[in-house]
Each structure stands twice: as C-alpha cells, then as structure tokens.
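Accompanying notes for the structure given below.
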C-alpha cells in the first residue's frame with residue numbers, strides 16, 4: 002500500500018514505462034520544470050505544445066536542455082489546447098496537461114463531444130490524494146475543484162472515482178467517510194438524505210469492495226480518539242481513506258487550509274475521461290505539479 | 526491592536542476586575558477541571574450551580590480545596606440551569622458556561638422570554654484560532670450555531686463578531702467573506718452574499734470593520750496567493766475574521782485546523798447579554814481553558 006506521495010513516485014518509476022504527456026501551451030516555468038523532473042526520473046516523455054521559441058527560452062532560463070522534449074509549434078493558447086487534446090485522443094499521447102492556457106478554454110476542448118476525451122455519459126470530477134504530516138496515510142478527497150453542489154448521482158460517481166484511485170494505491174478495502182458538520186443526520190443538511198441512500202447502496206454491494214459511513218464529521222472520520230470519546234459506532238473508525246465532501250464550498254477551504262497551515266502536499270487529476278487529464282492552478286508549486294504528473298502516470 | 530496568540534488574552538483579562546463565571550449543572554468532570562484551573566490562575570471567580578456532593582467530589586479528585594469555592598446546591602438539572610441563567614440576567618455574574626446539560630436545553634433556557642439572556646440579536650458562535658503558520662490569531666464564524674445563514678443572518682453574525690473584536694481591542698478588524706472562488710458567481714449564493722456584505726460595508730451599513738469578499742481561503746490568508754491571482758484587497762492575506770457561508774463549511778474547516786494543523790482554539794457564543802462558553806467533550810482541556818479566558822476577555 003502506498004502511504005506517501007514519494008512512494009507513489011517510486012511505484013510509477015518501477016512500472017518501467019514512459020508515459021507521453023501532451024502539455025497545452027507549455028509556457029510557464031513551473032509546468033516545464035515539473036515535466037522535466039518526470040522525464041529525468043524516467044517515467045515520462047514531454048510533448049510541449051506552444052510557441053517553440055518561447056518554450057526554448059523558458060528552458061534556457063531554467064537551465065533545462067529543450068532537446069529532452071518534443072516541441073510542437075502552436076500559434077496561440079486555443080490552438081495548443083486543440084492539438085494537445087487531439088494527440089491524446091488519437092493515441093499519440095497518453096496524458097494531457099494544462100499549461101498556461103485558461104482553464105475554461107482547456108476544459109471546453111476536453112469536454113467537446115466530438116473532439117474531446119470524456120467517457121460517454123460520465124461525470125467530470127476531480128480527485129486528489131492529500132499527504133498530511135499529521136495523518137498516518139494518504140487521504141483521498143473529492144471533489145475540491147469541479148462540482149459545486151453534487152447531486153446524489155454525482156456523489157455516487159465521485160465515490161467510484163475515488164475508490165478506483167485508492168485501489169491503484171494498493172488500498173484493498175478503502176474506508177469512505179461522507180463528510181458533514183455532525184454525525185447526526187439532520188433535515189437542515191441537504192447532504193443527509195443523499196448520505197443515507199449511499200450507505201444503503203453500499204450495504205447492498207453497489208460499490209466496489211469498500212467500507213462507507215456518513216454523515217461523519219472530520220474528527221470521527223480521521224481521529225480514532227474522538228471516536229472513543231464520543232462513543233460513536235462507525236466502521237470508518239477514525240481511519241478514513243476517502244473523504245467525500247457535500248460541496249465545493251466545504252472541500253475547497255479544507256484542502257487550501259491544510260496546504261497553507263498543516264504542511265499538506267497534494268496530487269490530483271480529473272476523472273471521467275478516457276485518458277488522465279491534469280489541470281492545476283497557476284499558483285501551484287513545481288512539486289505539486291510533479292506529483293500530479295506522477296499520479297496521472299499511475300492512473301494511465 | 527492585534528492578538529498574536531491566545532496567551533495574549535491574559536493581558537486583556539489582567540487589566541480588568543475578575544469576572545464571575547456561572548457553571549450550570551457543574552457536576553461535570555469535563556468542564557469543571559478547566560474552570561478550576563482558570564480560577565486558580567485568577568482569570569475568573571466561579572459560581573458552581575448543581576449537585577453539591579458530586580461537585581465537591583470532582584474538586585477533590587482534581588486536587589482542589591473547595592474552601593473558597595461558591596457552590597449552590599441544586600440537584601435538578603433544569604432548576605440548576607434556570608437558577609444559573611437568572612443569576613446572569615440579574616447581573617450577579619458575567620459569564621455563563623455549560624456543565625452537565627445538553628446544549629439545546631441550555632440555549633433554550635438562555636433564550637427564555639421572561640428570565641433569559643436575550644438581547645434581540647441572533648446568537649452566533651465565534652472561534653479564535655492560533656495557527657503556527659499564520660502571523661496572528663484568526664477568528665472564524667459561524668462553525669457551530671447557525672446552519673445555513675441568509676444574508677440578514679450573516680449581517681447579524683458579522684455585527685456580533687465585529688463588536689466582540691472591537692471589545693478585544695481590534696479597531697478595524699479585517700473581515701473576509703469566504704467563497705469557494707474569489708469571483709462573484711451567480712450560481713453560488715455565498716459569493717453573492719459576500720459581494721453584498723462588502724458593498725454594505727463600503728456604504729457604512731456595516732461599520733467598524735473592513736469587509737471584502739468573496740475570497741477563497743488561500744486568498745484570505747495568504748498574500749502570495751492573492752497577488753498570484755491579481756486580487757487587490759485590503760483584507761486578502763491579512764484577515765482577522767473569516768465569515769463562513771454555512772455550518773458544513775465552517776465545521777469541516779474548524780475540525781481540520783484543530784486535528785491536522787494542530788491549531789489552538791478558543792470559542793464562545795455571542796449575541797446574548799453575556800458571553801456563553803459551550804465546550805464539547807471532544808475539546809481538549811486547553812481549549813476549554815482558553816475558551817473561559819476568551820469569555821473573560823470579551824466580558825463587558
């Protein structure tokens with residue numbers, strides 16, 4: 002079982018496979034440096050799409066030999082996004098990654114019915130693996146980036162994506178905590194009826210092999226001591242692998258708060274696509290971007 | 526003035542006469558320990574209302590001499606709560622604290638129309654966090670009382686919190702209204718409310734503070750994140766008070782800061798005639814003590 006992001010990188014290295022990553026508008030140093038690191042570590046080949054002179058100049062400034070990459074010229078952001086997605090769809094690349102192109106332009110291309118990468122009828126969602134010094138293993142969280150107010154059906158898809166990812170990390174029977182403010186279901190919370198239905202589905206075996214309980218608060222999900230003090234019976238028992246959040250509003254400050262205040266690191270990718278899709282915000286560090294690339298390679 | 530740590534509250538308290546704290550249904554190991562410690566440190570003068578024999582036994586167990594303690598014998602919980610609250614509404618004491626009684630029962634009595642502690646204001650919860658990686662204390666509201674506040678409730682919560690911070694010595698506290706994103710999004714009600722609160726503040730409809738929102742968590746507490754996104758704001762990166770969109774968001778953040786970021790926290794209920802200390806069993810002894818300290822500092 003993989004317990005840290007560095008172990009995840011080792012696992013990917015041990016696969017002895019070079020994943021081809023098409024980067025749309027590879028004109029920010031953070032992204033190029035992160036792809037370079039993956040190339041050096043031997044598990045990736047970088048296809049950098051964009052203004053070739055600009056990319057070369059970024060490489061020069063970062064002290065990177067641009068000949069380590071395949072450079073593909075594209076005139077502007079949108080053309081780069083179209084080309085990156087096209088290459089990935091046609092099998093010329095295994096993974097697609099957003100560079101300095103706007104998220105909306107990039108995702109529009111990924112979601113395009115005719116040219117894009119969506120699995121038919123599937124939900125686009127985001128799952129990330131969070132590494133926390135104060136937790137004994139990785140914590141998978143969903144969805145901190147895409148779906149504002151997931152419906153029951155969307156929550157089910159999110160769960161399946163997270164379980165799929167946890168299993169790739171060697172977690173045989175992931176424990177899923179459905180997060181709320183309290184362990185007591187309440188008509189005041191829109192999440193309560195959905196959680197009740199999900200637990201019923203889980204009991205009837207609708208999900209892959211997993212343990213599910215909710216609503217649970219963060220303490221009962223992640224802290225065994227709190228479970229003892231409160232005397233609450235829960236199969237998750239303070240040992241959650243996956244946290245499913247009721248809204249983007251609750252998951253977003255959760256992960257940002259932990260990145261800023263608890264020394265967390267993360268790796269995340271888009272799910273619901275035929276090939277892994279990496280989207281990160283500009284402000285993310287090189288290290289986070291590198292971990293995202295490694296995660297995409299693990300999931301490819 | 527700005528507080529850097531919870532220990533700074535002691536300076537505020539030591540400049541005032543010692544406040545009287547009434548512990549309602551005081552035969553409670555969890556709260557009584559913290560009360561006795563605060564008494565020993567001359568932070569408050571306790572009045573213990575409840576079953577005298579049990580109270581004395583707990584005091585002995587914790588190594589305290591009951592000689593100088595004021596204990597009022599009332600073995601019936603309901604009566605003990607009523608008696609406690611009447612002492613406060615008749616101005617014989619300054620702070621109310623919950624002992625061995627349910628939160629809802631205590632609050633119902635506190636809101637009694639004839640002898641309760643109503644002011645006409647909404648009751649709201651405020652928590653003060655000390656996080657190693659932030660440059661000062663950060664107050665968060667409302668993570669425990671108001672489930673899904675509407676705009677009117679949010680105005681009341683901000684007013685409660687600002688007048689509390691003003692009392693602690695903050696002249697113009699910086700208030701960040703939290704959203705999952707920093708852009709106003711017509712589909713996300715929290716961002717609309719945030720924009721309205723900011724404008725009401727500019728127009729002096731909400732005074733004695735500087736409000737900005739929506740801000741995502743990282744923009745609110747990190748100047749680098751805010752600059753990265755090009756956000757111009759007096760509040761970004763220097764927030765004193767974070768207003769939560771709803772209790773699920775607030776509660777998740779509160780518990781993850783305590784558990785994963787090892788934050789210290791003190792919290793009280795505002796909006797009644799006196800500060801109310803409501804701690805839960807899963808709070809640490811230190812959190813209970815710091816909450817008493819906070820109530821003493823906030824007491825008029």
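Residue numbers (this note's numbering), protein chains in the order written: chain A, 2 to 301; chain B, 526 to 825.
Think of the CB as a built atom: it goes at the ideal place given N, C-alpha and C, for glycine as much as any other residue.
Contacts between residue 136/A and chain B, judged by CB atoms closer than 8 Å, involve 785 in chain order.
DSSP lists 545/B as the beta-bridge partner residues of residue 570/B. Within the same chain, 687, 691 and 697 come within 7 Å of residue 733/B by CB-CB distance, once the 5 residues on both sides are set aside. Of the residues assessed, residue 552/B falls on the buried side of the cut-off, its CB having 16 or more other CB atoms within 10 angstroms. Among the residues facing chain B, residue 179/A is not included, as its CB has no counterpart in that chain under 7 Å away. Residue pairing from DSSP places residue 46/A in a beta bridge opposite 21/A. CA-CA distance, residue 138/A to residue 8/A, rounds to 11 Å. For the options 216/A, 51/A and 210/A, the alpha carbon positioned closest to that of residue 183/A is the one of 216/A. Residues of chain B whose Cβ lies closer than 8 Å to the Cβ of residue 231/A are, in chain order, 806 and 807. The C-alpha of residue 287/A is placed about 26 Å away from the C-alpha of residue 171/A. In this structure, DSSP gives residue 274/A an extended state, which the three-state scheme calls strand.
Distance from the Cα of residue 50/A is smallest, within the candidate group 25/A, 77/A and 279/A, for 25/A. One thing to note: residue 11/A has its Cβ no nearer than 7 Å to the Cβ of residue 291/A. Assignment of residue 764/B by DSSP, reduced to helix, strand and coil, places it in the coil class. A check of alpha carbon separations from residue 116/A across 89/A, 93/A and 122/A identifies 89/A as the nearest. Secondary structure note for residue 558/B: its alpha helix (DSSP H) is the uninterrupted segment 554-565. Judged by their CB atoms, residue 297/A and residue 270/A are nearer to each other than the 7 Å cut-off.
Short of 6 Å from the beta carbon of residue 762/B, and not among the five residues preceding or following it, lie these beta carbons of its own chain, in chain order: 747, 748 and 751. For residue 531/B, the closest alpha carbon among the candidates 789/B, 802/B, 805/B and 760/B is that of 789/B. Under the Cβ criterion (8 Å, minimum of three pairs), the region 793-803 of chain B does not count as touching the region 697-712 of chain B.
For the pair of segments examined, the region 90-110 of chain A was found not to touch the region 251-261 of chain A: the number of CB pairs separated by less than 8 Å stays below three. Within its own chain, the residues whose Cβ lies closer than 6 Å to the Cβ of residue 609/B, once the five positions on either side in sequence are excluded, are 547, 549 and 574, listed in chain order. Not a single C-beta of chain A is nearer than 7 Å to the C-beta of residue 614/B. Runs of the alpha helix (DSSP H) lying entirely within the region 41-120 of chain A, each at least 4 residues long, are 53-63, 78-91 and 104-112 in chain order. For residue 201/A, the secondary structure class from DSSP, reduced to helix, strand or coil, is helix. With a threshold of 7 Å between beta carbons, residue 214/A makes no contact with chain B. For residue 734/B, there is no enclosing beta strand (DSSP E), as DSSP gives it neither H nor E. For the 7 Å CB-CB criterion, residue 820/B and residue 620/B form a contact. A residue is called buried when at least 16 other Cβ atoms come within 10 angstroms of its Cβ; residue 34/A meets this threshold and is buried.
Non-local C-beta neighbours of residue 703/B in its own chain, meaning closer than 8 Å and more than five positions away in sequence, comprise 715, 719, 738, 739, 740, 741, 742, 745, 767, 768, 769, 770 and 774, ordered along the chain. Residue pairing of residue 143/A in beta bridges, as defined by DSSP: 128/A and 245/A. Residue 170/A sits in coil when the DSSP states are folded into three classes, being neither helix nor strand. In this structure, DSSP gives residue 220/A a helical state, which the three-state scheme calls helix. Chain order gives the chain B residues near residue 283/A as 753, where near means a beta carbon separation below 7 Å. Closest in alpha carbon position to residue 13/A, among 219/A, 43/A and 31/A, is 43/A.
Among the bridge pairs identified by DSSP, residue 623/B is matched with 549/B.
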